[in-house]
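First the structure, in the form of structure tokens, and then the observations on it.
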Amino acid sequence: MKTTRLERMRELFLQMPYISLSELAAIFPEISEMTLRRDIDTLEAEGAVIRVRGGARSMKFITATYEDSYEARLSLDTTAKAKIASAAIRLFDTGMSIFIDSGTTTLHIADYLPNDRFLITTSSPDLARELHRTPLAVINIVGGMYNRENHTLSGQGAIKFISDMTFDLAIMAPSGYTKEGGFSSGNYSECEFKKKVIERSRSVAMLITSSKWGLKQPYTFASPDDISTIITDAELPLHFAQDFTSSKTSIIIA
């Protein structure tokens, strides 16, 4: 029965991060490939998997986060984060369409944003709530799946929401930067969403505290060539500063 088969598939995707279509065919030899594809579509609609070439990935593993909790990060480097957020406001101009990433650094932007005409889109419900203090700004919150650990929205719903948008400026926040891994995130779903934001943006500012230089998370979402401006709280170590010389990225020390 279809219901029993779908239940079995749900169990499998809770145990395995990726299952190919050929593996499913071996598990369910009496079921046609076309039917298995429809089953994957059903599970994707439920939010259990993301369909990829040749199979599907489990959302349980995609949404796993490899970094400190949001609550723990809120109390770290608060002075530096506030300075960085304040400096980022200099890039804002009246009438701009601006994307603001989720994160404990970007959250401070609400403390400095002037009450002016901006179209702001964010993946952070926390930031959107704080921005009620700026009634002239129009606030969009992307759709998608809510990650309780990071207080952020991502996934296919979020990507679809911004696919037809163009941002004058994207304010992004990484979990770390290394020469080999670029700007990285600890969450696959967020990483894919961040890539789409950068693709849809004319200018990209990366807000990064000095404590994150040299930290690497599993998923890369940007390289130096993708970034227009770096805003940080201290001079970059020389071996990192050299990465941004050829990319002509502006560096602002808050």
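Those letters in the sequence shown? Residues 1 to 254, by the working numbering.
Built from N, CA and C at the ideal position, the CB exists for glycine as well.
When the five nearest sequence neighbours on each side are left out, the beta carbons in the same chain lying within less than 8 angstroms of the beta carbon of residue 194 are those of 101, 172, 185, 221 and 222, in order along the chain. Counting along the chain, the unbroken beta strand (DSSP E) around residue 206 starts and ends at 204-207.
Annotated as distal: residue 95 and residue 129, with beta-carbon spacing of 7 angstroms or more. Short of 7 angstroms from the beta carbon of residue 19, and not among the five residues preceding or following it, lie these beta carbons of its own chain, in chain order: 12, 13, 55 and 56. With contacts defined by Cβ atoms closer than 7 angstroms, residue 169 and residue 105 do not form a contacting pair. Counting C-beta pairs closer than 8 angstroms gives three or more between the region 79-95 and the region 224-243, which meets the contact rule.
Put simply, the backbone Cα of residue 27 is about 15 angstroms away from that of residue 15. When secondary structure is reduced to three states using DSSP, residue 47 falls in the coil class, being assigned neither helix nor strand. Of the other Cβ atoms in all chains shown, fewer than 16 fall within 10 Å of the Cβ of residue 138; this residue is therefore exposed. Per DSSP, reduced to three states, the secondary structure at residue 188 is helical.
Taking C-beta separations shorter than 7 angstroms and ignoring five residues to either side along the sequence, the partners of residue 88 in its chain run 109, 171, 205, 207 and 231, following chain order. Looking only at 160, 133, 150 and 132, the smallest Cα-Cα distance to residue 144 is reached by 160.
If you draw a 10 Å sphere on the C-beta of residue 103, you find 16 or more other C-beta atoms in it, and that means buried. Following the DSSP letters along the chain, one finds residue 57 inside the beta strand (DSSP E) bounded by residues 55-58. Bounds of the beta strand (DSSP E) holding residue 250 are 250-253.
Restricted to the region 140-179, the alpha helix (DSSP H) segments that are unbroken, complete and at least 4 residues in length are 156-162, listed in chain order. Listed as beta-bridge partners of residue 99 by DSSP are 121 and 170.
Under the DSSP assignment, residue 3 falls outside any beta strand (DSSP E), being part of the alpha helix (DSSP H) whose first and last residues are 2-15. At a Cβ-Cβ threshold of 7 angstroms, residue 174 and residue 183 count as neighbours. Boundaries of the alpha helix (DSSP H) around residue 80: 78-88. Secondary structure of residue 222 (DSSP, three-state): strand.
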